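A.B. asks: My structure is below; once you've seen it, I'll send some questions.
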Amino acid sequence: MGRVLPASEEPPPAQECEFDVDDLLQAARYGELEEVKLVAPLLPQNSHNEQGCTALHMASANGHLSIVKYLIERGENVNACNAENNTPLHWAALNGQVQVVEELIASGASASALNRYDRTPVDEALSRGKQEVVNAIAILTAAASMDDTSIQEEIN
Numbered sequence: 009m010g011r012v013l014p015a016s017e018e019p020p021p022a023q024e025c026e027f028d029v030d031d032l033l034q035a036a037r038y039g040e041l042e043e044v045k046l047v048a049p050l051l052p053q054n055s056h057n058e059q060g061c062t063a064l065h066m067a068s069a070n071g072h073l074s075i076v077k078y079l080i081e082r083g084e085n086v087n088a089c090n091a092e093n094n095t096p097l098h099w100a101a102l103n104g105q106v107q108v109v110e111e112l113i114a115s116g117a118s119a120s121a122l123n124r125y126d127r128t129p130v131d132e133a134l135s136r137g138k139q140e141v142v143n144a145i146a147i148l149t150a151a152a153s154m155d156d157t158s159i160q161e162e163i164n
């Protein structure tokens, strides 16, 4: 039978373990939802690395929809910009992550955001031949525009 540790030798509780933003970003990048759920609450909201990338950037770029949904539910900024002014939507569009693109736009991500090179998420999708993403953004932004018009008509 193992020995009992004196109180001074007990392992620290999980809340006292040190995690940093790189742990969170790596978990988001590789689709490790349970690790994201463990680490995210221990770090400040919208934590980012030196390049300004958040966990939402990483999960979006790699198509991890469950992590994207979790981070959005936690209140992560869907329009967070990294050092190149790319948003999570830019990265999802660039990589052809249609479901993530749909989730981000439904959650308020701006399809007209410009990065450092004056490119929108649609521009990034077009540059990589991601026509399905271009179509999804067009449909979703047109629907949102129609909703805004309907609301304005009802107000007047």
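The opening position of the sequence shown corresponds to residue 9 in my numbering, with each subsequent residue numbered one higher. Glycine included, every Cβ here is placed at the ideal spot set by N, Cα and C. Keep in mind the model is a prediction, meaning the values are calculated, not measured.
Determine the DSSP secondary structure at T149, reduced to helix, strand or coil.
C.D. replies: Correct three-state label for T149: helix.
A.B. asks: With DSSP as the reference, label H65 as helix, strand or coil.
C.D. replies: Of the three classes helix, strand and coil, the one that applies to H65 here is helix, per DSSP.
A.B. asks: Please name the residue or residues paired with H98 in a DSSP beta bridge.
C.D. replies: Partner(s): none; H98 has no beta bridge.
A.B. asks: Less than 9 Å separating the beta-carbons of I147 and P129?
C.D. replies: For I147 and P129, no; Cβs fall outside 9 Å.
A.B. asks: At the level of alpha carbons, what is the spacing between H56 and R82?
C.D. replies: Straight-line Cα distance between these residues: approximately 15 Å.
A.B. asks: Which residues bound the alpha helix (DSSP H) around E42?
C.D. replies: Where E42 is concerned, the enclosing alpha helix (DSSP H) stretches over 41-47.
A.B. asks: Would you kindly report the start and end of the unbroken alpha helix (DSSP H) that includes V86?
C.D. replies: Segment: none, V86 is in no alpha helix (DSSP H) and carries neither H nor E.
A.B. asks: Taking its Cβ as the centre, do 16 or more other Cβ atoms sit within 10 Å of Q107, making it buried, or is it exposed?
C.D. replies: By the 10 Å Cβ count, Q107 comes out exposed.
A.B. asks: Kindly indicate which residue of E42, L33, L50 has the alpha-carbon position closest to the one of S68.
C.D. replies: With distances taken between Cα atoms, S68 lies closest to L33.
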